[in-house]
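Peer 1: In the working numbering, the protein residues as written are 38 to 663.
Beta carbons are placed, not taken as given, at the ideal position from N, Cα and C, and that holds for glycine.
Questions regarding the structure given below will be posed in turn.
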């Protein structure tokens, strides 16, 4: 039900939300969005000279902007960048006990986000990567806020924005950044697989072949090669899925932070597509493509104003087939196999580099490939993204038909280098990212689309900030209960047992981040979903409440909501003993925008219970239509 919320709660909490959202960007003002009702396209442009130094003090008149070859009128223009490099993080608003928010204060200019990708980086290269990271932290310019994330089979939030070198060093040394179970060594390496082991066993066994046995063994070896190739393809597809899911999740997290975000992504490889393998009987059984998922990722990145700077953590690469320490007997009398592995290595490495270059170009960043000085690459990436110009325009083509539209930016001065996103897909921003509406055609072997709300509600995931939330969490009483609260759904695979304590989850959501439509009767409608999950310390889901709501607001109530926030209450039961976490979220089902945050029960379990009057008093509420 929508809003059992007491007036006693609305006054202190929504006033606090109003203060928070006044600091946060409103969707109609944010340059991080591309929307049909405003038809606003945002382009961040990094301008450097021949020595890669930023070019300052340019005017709007210095720029020419085209879309699909057609000139566009620049509606707004702004130069960003602190010449001293000492922009400071805005202080986090101080909340009373039991009150939490997903609001993320950050500098108004560009911020840096480091992504340590061990999912796609061989273990041997991770050691060098961590060494280079520590070196960078020691020499990093003071006062520059940086956040650090890790990528294994999921996204890990290791450190929020800080310029404290000790905190950054601790985040890099985090033991939760495990090596990848889906990548063994280097790209295209000659790792001996089951087919090779079988060949060597037959060759060295000394057993005289019986009539017909040679053909039989050759067929067995060919089948094993086919199996090995399909296993490798499956692992590559999994890595692509995990990687794109993580970057999508990161883009949603960063979307609530104003200004440009420089995502400096350290990765050993990123297999967007799996190519045919000519060394097996059926080369096309391994083919797969993640183009549809990649398209969604680039849309999210551009809307969140994120520029990607991929850095190949493997450094300058040479063919592993040339390394005698890695070679095996499979090449001794098989020059054809060696040539085939060489071709495969160069094709795979080229495809991986192309993916990095493509993602950099599509987001307005720059890729660093075949360099052993990773510290220099980080410094160049942070310097390139620290000063930029933001141009906005309304496209002359008002049809949102899903086609790719090329963006071109020029400056009057010659000899300057420009980095900016090269275009966007003209998907209707209010519907194109809904789970049931995905642009592009997925491969028959591609994984099914992932529900972004499922990812946002994962334990330990970064807060989603597309919708700003202010949440109060308090025990409803000190009573021990044997049954869970009404509307709760226990996970049948968990062993959660009572006694329980019930908690009230009082939410005030930023109404400016939520899509509403005024009907012919004058009332305002919104399609929303409110969720609260209970996790244990191991990340196992124990209990949940999920409320899909079609809200109906009268004009007077809607005016109140615009001032104080959209209210909602849920109640959730948590076991009395143990460490538990609440994951709280709201999902706008029309625009697919998400807000979420996580609250440890340890932070609220000893707080005074919710007053009885606040637990029972109900204000004039909008009529829900579930």
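Going along the chain, which residues of its own chain have a beta-carbon closer than 6 Å to the beta-carbon of residue 508, five neighbours each way excluded?
Peer 2: 137, 544, 621, listed in sequence order.
Peer 1: What does residue 157 pair with, by DSSP beta-bridge criteria?
Peer 2: According to DSSP, which records beta bridges pairwise, residue 157 is partnered with nothing at all.
Peer 1: Please work out which residues of its chain come closer than 7 Å, Cβ to Cβ, to residue 283, disregarding the five sequence neighbours upstream and downstream, and give them in chain order.
Peer 2: Closer than 7 Å at the Cβ level, and outside the excluded window around residue 283, lie 188, 191, 192.
Peer 1: Do the CB positions of residue 273 and residue 341 come within less than 7 Å of each other?
Peer 2: Not a contact, by the Cβ cut-off of 7 Å.
Peer 1: Considering only their Cβ atoms, is the gap separating residue 449 from residue 81 smaller than 7 Å?
Peer 2: It is not a contact, given that the beta carbons lie outside the stated cut-off.
Peer 1: In the structure shown, what three-state DSSP assignment does residue 301 receive?
Peer 2: Reduced to three states, the DSSP call for residue 301 is strand.
Peer 1: Just to confirm the assignment, what range does the beta strand (DSSP E) spanning residue 597 have?
Peer 2: Where residue 597 is concerned, there is no enclosing beta strand (DSSP E), although the alpha helix (DSSP H) it sits in stretches over 592-601.
Peer 1: So, residue 711 versus residue 350, is the Cβ gap smaller than 7 Å?
Peer 2: No information on residue 711 is available, as it lies outside the stretch 38 to 663 that the chain covers here.
Peer 1: For residue 639, which residues in the same chain have their Cβ closer than 7 Å to its Cβ, ignoring the five residues on either side in sequence?
Peer 2: Closer than 7 Å at Cβ, skipping near neighbours: 616.
Peer 1: The beta strand (DSSP E) that contains residue 185, what's its start and end?
Peer 2: Segment 183-188, the beta strand (DSSP E) holding residue 185.
Peer 1: Indicate the three-state DSSP secondary structure (helix, strand or coil) for residue 491 in the structure shown.
Peer 2: Helix.
Peer 1: Can you tell which of 606, 389, 438 has the C-alpha that lies nearest to the C-alpha of residue 583?
Peer 2: Looking at the Cα atoms, 606 is the closest of the given residues.
Peer 1: Once DSSP output is grouped into helix, strand and coil, what is the label at residue 285?
Peer 2: In the structure shown, residue 285 sits in a helix (DSSP, three-state: H, G or I).
Peer 1: Buried or exposed, going by whether 16 or more other CB atoms sit within 10 Å of the CB of residue 303?
Peer 2: The residue in question, residue 303, is buried, as its Cβ has 16 or more Cβ neighbours within 10 Å.
Peer 1: Is residue 645 helix, strand or coil when you go by DSSP?
Peer 2: Note: residue 645 maps to coil in three-state DSSP.
Peer 1: Pick out whichever of 554, 591, 570, 513 has its Cα sitting closest to the Cα of residue 646.
Peer 2: Here the closest residue by C-alpha is 513.
Peer 1: Starting from residue 444, trace the beta strand (DSSP E) in both directions and tell me its first and last residue.
Peer 2: 441-448 is the extent of the beta strand (DSSP E) around residue 444.
Peer 1: Check the C-beta distance from residue 505 over to residue 140 and give it rounded, since I have them as a contact under 8 Å.
Peer 2: The Cβ separation is near 5 Å, so the contact holds.
Peer 1: Below 8 Å, can you find three or more Cβ-Cβ pairs linking the stretch 145-162 to the stretch 433-441?
Peer 2: These segments do not touch.
Peer 1: First and last residue of the alpha helix (DSSP H) that includes residue 416?
Peer 2: Element bounds for residue 416: 411-423.
Peer 1: Just to confirm, are residue 548 and residue 603 a CB contact at a threshold of 7 Å?
Peer 2: Yes, Cβ-Cβ distance for residue 548 and residue 603 is below 7 Å.
Peer 1: Please tell me whether residue 113 and residue 429 are closer than 7 Å, where the distance is taken between their beta carbons.
Peer 2: In contact: residue 113 and residue 429 (Cβ atoms closer than 7 Å).
Peer 1: So, for residue 452: in the same chain, excluding its five sequence neighbours on each side, which residues have a beta-carbon less than 8 Å away from its beta-carbon?
Peer 2: Cβ within range, chain order: 86, 87.
Peer 1: Taking the CB atoms as reference points, tell me whether residue 83 and residue 92 lie closer together than 7 Å.
Peer 2: Cβ atoms of residue 83 and residue 92: not closer than 7 Å.
Peer 1: Roughly how many angstroms lie between the CA atoms of residue 648 and residue 134, to the nearest whole one?
Peer 2: Each residue's alpha carbon lies about 15 Å from the other.
Peer 1: For the alpha helix (DSSP H) that contains residue 454, what are its first and last residues?
Peer 2: No alpha helix (DSSP H) holds residue 454; the beta strand (DSSP E) holding it covers 454-456.
Peer 1: State the Cα-Cα distance for the pair residue 297 and residue 494, rounded to the nearest angstrom.
Peer 2: When rounded, the distance between both Cα atoms is 25 Å.
Peer 1: Report the rounded CA-to-CA distance for residue 632 versus residue 97, giving the unit in angstroms.
Peer 2: Approximately 35 Å, taken between the alpha carbons.
Peer 1: Under 7 Å between the Cβ atoms of residue 499 and residue 290?
Peer 2: Yes, they are a contact pair.
Peer 1: Below 8 Å on the Cβ atoms is my contact criterion, and I expect residue 339 with residue 458 to pass it. Report the Cβ-Cβ distance as a whole number of Å.
Peer 2: With 8 Å as the limit, residue 339 and residue 458 qualify as a contact, their Cβ atoms being about 6 Å apart.
Peer 1: Is residue 533 helix, strand or coil by DSSP?
Peer 2: DSSP places residue 533 in coil when its eight states are reduced to three.
Peer 1: Which class does residue 580 belong to by DSSP, given the choice of helix, strand or coil?
Peer 2: Strand.
Peer 1: Would DSSP call residue 436 helix, strand or coil?
Peer 2: In this structure, residue 436 counts as coil in the three-state DSSP scheme.
Peer 1: Using the rule of at least 16 other Cβ atoms within 10 Å of the residue's Cβ for burial, across every protein chain shown, is residue 413 buried or exposed?
Peer 2: The residue is exposed, with fewer than 16 neighbouring Cβ atoms inside 10 Å.
Peer 1: Considering Cα atoms alone, identify which of 444, 154, 420 is closest to residue 431.
Peer 2: Nearest C-alpha to residue 431: 444.
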